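Contents: one structure, followed by commentary.
In the working numbering, the protein residues as written are 898 to 1101.
The following block contains the structure:
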């Protein structure tokens, strides 16, 4: 399927979404993989993982984003003053890119988020500490995942190093602070609900 949705934020960052409904054979016809990418593709064991890899690479080809090292499990890269990030679910692949550091994450709404909230909710995020609101917790989770990709800092703790400012279901934008030793970095957030999926874009 062609692009499912495209968004341009602040004239600096673009988001593009691909609905993954092709067969694996048809997806392969859409993408030209380098020798390194073929090796990475070969490590994908399940059908859905293979489709996700190809769909995200197709998006990158469309917008001339160069995959520097072919390492798919690193979701954000820096390339000639252009920053980009990849995320996907079972049905969608998503690409963000722009001239500022950014990260993107997409998730479906699942009750499992309640079971794992203790792993990512900061004690200062009291609006979420005692909440079992699946949509609120999913937005919080995608925010932290997007920030993690945006920051490009190995070992960054979603729970201890990232604090999201209070938001609600109607919020379109949000803010967060990332704490690194004695340094505090402010991060901007954009919230998007798409086909009952939560998307968050983070940028500095």
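The beta carbon of each residue, even a glycine, is placed where N, CA and C say it ideally should be. Owing to the predicted nature of the structure, the values given are computational and were not obtained by experimental measurement.
Which stretch, first to last residue, makes up the beta strand (DSSP E) that contains residue 999? 999 to 1005
Return helix, strand or coil for residue 960, following the three-state DSSP convention. coil
Does DSSP put residue 1085 in a helix, a strand or coil? strand
Cα-Cα separation between residue 967 and residue 989, rounded to whole angstroms: No answer about residue 967 holds up, because its pLDDT of 47 lies below 50 and its placement is not dependable.
Enumerate in chain order the residues of its own chain whose CB-to-CB distance from residue 904 is below 6 Å, with the five nearest sequence positions on each side excluded. 912
As assigned by DSSP and simplified to three states, the class of residue 939: helix
According to the Cβ coordinates, are residue 1099 and residue 1010 closer than 8 Å? no
Please tell me whether residue 1072 and residue 1062 are closer than 8 Å, where the distance is taken between their beta carbons. yes
Can at least three beta-carbon pairs, one atom from the segment 1027 to 1045 and one from the segment 925 to 944, be found at a separation below 8 Å? no
What is the DSSP secondary structure of residue 845, counted as helix, strand or coil? Residue numbering for the chain in the displayed model covers 898 to 1101; residue 845 lies beyond these limits and cannot be assessed.
So, for residue 1042: in the same chain, excluding its five sequence neighbours on each side, which residues have a beta-carbon less than 6 Å away from its beta-carbon? 1002
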